[in-house]
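First to last, the sequence lines map onto chains A and B.
The letter at position 49 of the first sequence is residue 49 when you use my numbering, and the numbering goes up by one with no holes.
To get my numbering, take the position in the second sequence, counting from 1, and add 287.
Ideal Cβ positions, reconstructed from N, Cα and C, are used throughout, including at glycine.
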Amino acid sequence: MKTRVHLLLGSLGAALIAFALASPRVIAADKVDPVADAKAFQNFFFQKFPNVKHEDFVNGPYSMNEDMKRQWQEKEEFPPYEFALDAGKEMFATPFKNGKTYADCFPNGGIGIRQNYPYFDTKEGKVITLELALNRCREANGEAPYSYVKDEMASLTAYMAYTSRGKLMDIKIPDDPRALAAFENGKRYFYTRRGQMNFSCASCHVQSPGERIRAETLAPALGILNAMPIYRSEWSGMGTTSRRFVTCNSQTRAVPLEPQSDEYRDVEYFLSYVANGLPISGPGARP
Amino acid sequence: MTAFPCKPALLVALALLTGATVAPARAQSTVAEGQKLAFDRGKGNCLTCHVIKGGDLPGTIGPELKDLRAKYPDRNELVAIIFDETKRNPQTMMPPFGRNRILTEQEINAIVDFLQTL
Numbered sequence: 001m002k003t004r005v006h007l008l009l010g011s012l013g014a015a016l017i018a019f020a021l022a023s024p025r026v027i028a029a030d031k032v033d034p035v036a037d038a039k040a041f042q043n044f045f046f047q048k049f050p051n052v053k054h055e056d057f058v059n060g061p062y063s064m065n066e067d068m069k070r071q072w073q074e075k076e077e078f079p080p081y082e083f084a085l086d087a088g089k090e091m092f093a094t095p096f097k098n099g100k101t102y103a104d105c106f107p108n109g110g111i112g113i114r115q116n117y118p119y120f121d122t123k124e125g126k127v128i129t130l131e132l133a134l135n136r137c138r139e140a141n142g143e144a145p146y147s148y149v150k151d152e153m154a155s156l157t158a159y160m161a162y163t164s165r166g167k168l169m170d171i172k173i174p175d176d177p178r179a180l181a182a183f184e185n186g187k188r189y190f191y192t193r194r195g196q197m198n199f200s201c202a203s204c205h206v207q208s209p210g211e212r213i214r215a216e217t218l219a220p221a222l223g224i225l226n227a228m229p230i231y232r233s234e235w236s237g238m239g240t241t242s243r244r245f246v247t248c249n250s251q252t253r254a255v256p257l258e259p260q261s262d263e264y265r266d267v268e269y270f271l272s273y274v275a276n277g278l279p280i281s282g283p284g285a286r287p
Numbered sequence: 288m289t290a291f292p293c294k295p296a297l298l299v300a301l302a303l304l305t306g307a308t309v310a311p312a313r314a315q316s317t318v319a320e321g322q323k324l325a326f327d328r329g330k331g332n333c334l335t336c337h338v339i340k341g342g343d344l345p346g347t348i349g350p351e352l353k354d355l356r357a358k359y360p361d362r363n364e365l366v367a368i369i370f371d372e373t374k375r376n377p378q379t380m381m382p383p384f385g386r387n388r389i390l391t392e393q394e395i396n397a398i399v400d401f402l403q404t405l
């Protein structure tokens, strides 16, 4: 009996020691650590493509292929997003019916601030993207919201991105468990396989950037949103971040979410945060 | 009712006869059908990721599809890969064509017939 108690105590002790030794590592792995995530995310791409300049990742497929890059640079002389850019500039300066303008809704009059979006609103407890902020601005001033995927929204965000070109992505995660949860939720969405094709966002844009699907070169996930909005030849027009997410889902035969749904906003938060330090390059042009 | 016992035997005989004469032609047509499915963007779409002889603008994600009879002497292996490659390799990009019902069993078999000619 006594030996059995000793044995029991002994094994309990061993278990406790093992737990004490193992638990700090387990806790570290389970803890949401955006700083470590961003570092690992960037290093993955920097190591996978040692010849690509870090600031070049924001140019999507053109950073992966020299020939494509040369063609694109020529195209940039007369960029296909120019009409949208001009329209956006004009819209931005045109007052609403109540006399106010978009500039009244944003810090620094909306100029050179693209790199700070999306941000986490601690009052609301949610991620606020630039597209969302633009429509809220319109509604607050008695105007009807725009479609999130193209046209006016793409023009407005094109202009706001253009005034921010070269500024480094600077997304903050405030000390708020809900902000961490939003980051984590976006990360989970990004890495989860879904749809009939069983792809995650990461399948194409982390596992296979630079590879081709038929004639199309897959873009790296790092800096992919820095170029938004984009003129896409495949779309024969401009598209926003919302459009990019929706078409990615439908092309892989998954069910797209509503533009600016909480999950899309969280994905945008995650993807933008891990691109911190890379320049804004939007509006962009893509095949 | 009285004729009933004869029927199955007759049917079997008929099936055997037609099977014997039609078999080579049928194999030929499943190879052609398999190639069509393999190149079809809405179906197998193999060309999106694999180099395949006879296909234009192939993708680069998967290995070239050639010498498959030598690599996979057992056709069931190929069927299994197309049906659900994540079983063998959880990290694979390859969609589980059978499990997610992108292709029917018959379509997978036709594609395997085609792959074995490469």
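| Check | Outcome |
| --- | --- |
| When you compare only the Cα positions, how much space is there between B/Ala-307 and A/Ser-242? | Only weak support is given to the placement of B/Ala-307: the predicted model assigns it a pLDDT of 45, under 50, and the question is left unresolved by the model. |
| Quick check on A/Phe-199 - is its C-beta less than 9 Å from some C-beta in chain B? | yes |
| So A/Val-246 packs on A/Val-149, CB below 8 Å; how close in whole Å? | 7 Å |
| With 9 Å set as the bound, which would you pick, yes or no: does the beta-carbon of A/Gln-47 sit closer than that to a beta-carbon of chain B? | no |
| Closer than 7 Å by C-beta to A/Gly-223: which residues in its own chain qualify, once you throw out the five before and the five after it? Chain order, please. | Phe-57, Val-58, Ala-275 and Leu-278 |
| Measure the alpha-carbon distance for A/Asp-175 versus B/Glu-372 and round it to whole angstroms. | 42 Å |
| Going by DSSP, what residue range makes up the alpha helix (DSSP H) through A/Asp-266? | 262 to 273 |
| Taking all protein chains shown into account, decide if B/Val-399 is buried (16 or more other Cβ within 10 angstroms of its Cβ) or exposed. | buried |
| Run through the region 337 to 381 of chain B for me and flag every whole alpha helix (DSSP H) of 4 or more residues, listed as ranges in chain order. | 355 to 358 and 362 to 371 |
| Can you grab the Cα-Cα spacing for the pair A/Asn-43 / B/Ser-316, in whole Å? | 51 Å |
| Would A/Ala-290 be called buried (16 or more neighbouring beta carbons within 10 Å of its own) or exposed? | Chain A is shown from 1 up to 287; residue 290 of chain A falls before or after that span and cannot be answered. |
| Since A/Phe-183 and A/Phe-270 are thought to touch, with beta carbons under 8 Å apart, how far apart are those beta carbons, to the nearest angstrom? | 6 Å |
| Quick one: what's got a C-beta closer than 6 Å to A/Arg-265's C-beta in the same chain, skipping five residues either side? | Val-127 and Thr-129 |
| Out of B/Arg-375, B/Lys-353 and B/Ala-397, which has the shortest C-alpha to C-alpha gap to B/Leu-330? | With the sequence shown as reference, residue 330 of chain B is identified as Lys, and Leu is not the correct amino acid for it. Comparing Cα-Cα distances from B/Lys-330 to each of B/Arg-375, B/Lys-353 and B/Ala-397, the minimum goes to B/Ala-397. |
| Note down the Cα distance separating A/Gln-115 from A/Pro-107, rounded to an integer number of angstroms. | 12 Å |
| When the distance is taken between beta carbons, is A/Tyr-162 closer than 9 Å to A/Gly-301? | Absent from the structure is residue 301 of chain A, since the part of chain A shown begins at 1 and ends at 287. |
| Taking the beta strand (DSSP E) that A/Met-64 falls in, what are its first and last residues? | Neither: A/Met-64 is in no beta strand (DSSP E) and is coded neither H nor E. |
| For A/Thr-252, count the other beta carbons within 10 Å of its own beta carbon; 16 or more makes it buried, fewer makes it exposed. Which is it? | buried |
| Between B/Val-338 and A/Ser-272, what straight-line distance do the alpha-carbon atoms span, to the nearest angstrom? | 35 Å |
| Pair every Cβ in the region 62 to 78 of chain A with every Cβ in the region 227 to 238 of chain A, then say whether three or more of these pairs are closer than 8 Å. | no |
| Run through DSSP, which three-state label would A/Pro-34 get? | helix |
| Between B/Gly-346 and chain A, is the shortest Cβ-Cβ distance under 9 Å, so that the two count as touching? | yes |
| My output table needs one value for A/Met-212: the three-state DSSP class, helix, strand or coil. | As written in the sequence, residue 212 of chain A is Arg, which differs from the Met given in the question. Here A/Arg-212 sits in strand by DSSP. |
| If the criterion is Cβ atoms closer than 9 Å, does the pair B/Pro-350 and A/Asn-198 meet it? | no |
| Just by C-beta distance, which residues in the region 313 to 341 of chain B are closer than 7 Å to chain A? | Leu-334, Thr-335 and Cys-336 |
| Could you name the residues of the region 241 to 257 of chain A whose beta carbon sits closer than 7 Å to any beta carbon of chain B, in the order they occur along the chain? | none |
| How is A/Val-127 classed by DSSP in three states: helix, strand or coil? | strand |
| Below 9 Å between beta carbons: does that hold for A/Val-52 and A/Phe-45? | yes |
| Below 9 Å between beta carbons: does that hold for A/Pro-229 and A/Thr-122? | no |
| Assign A/Gln-260 to one of two classes, buried (16 or more other C-beta atoms within 10 Å of its C-beta) or exposed (fewer than that). | buried |
| Thinking B/Cys-406 and A/Ile-213 are a contact (beta carbons under 8 Å), I'd like their distance in whole angstroms, please. | Since the first residue shown for chain B is 288 and the last is 405, residue 406 of chain B is missing from the structure and cannot be characterised. |
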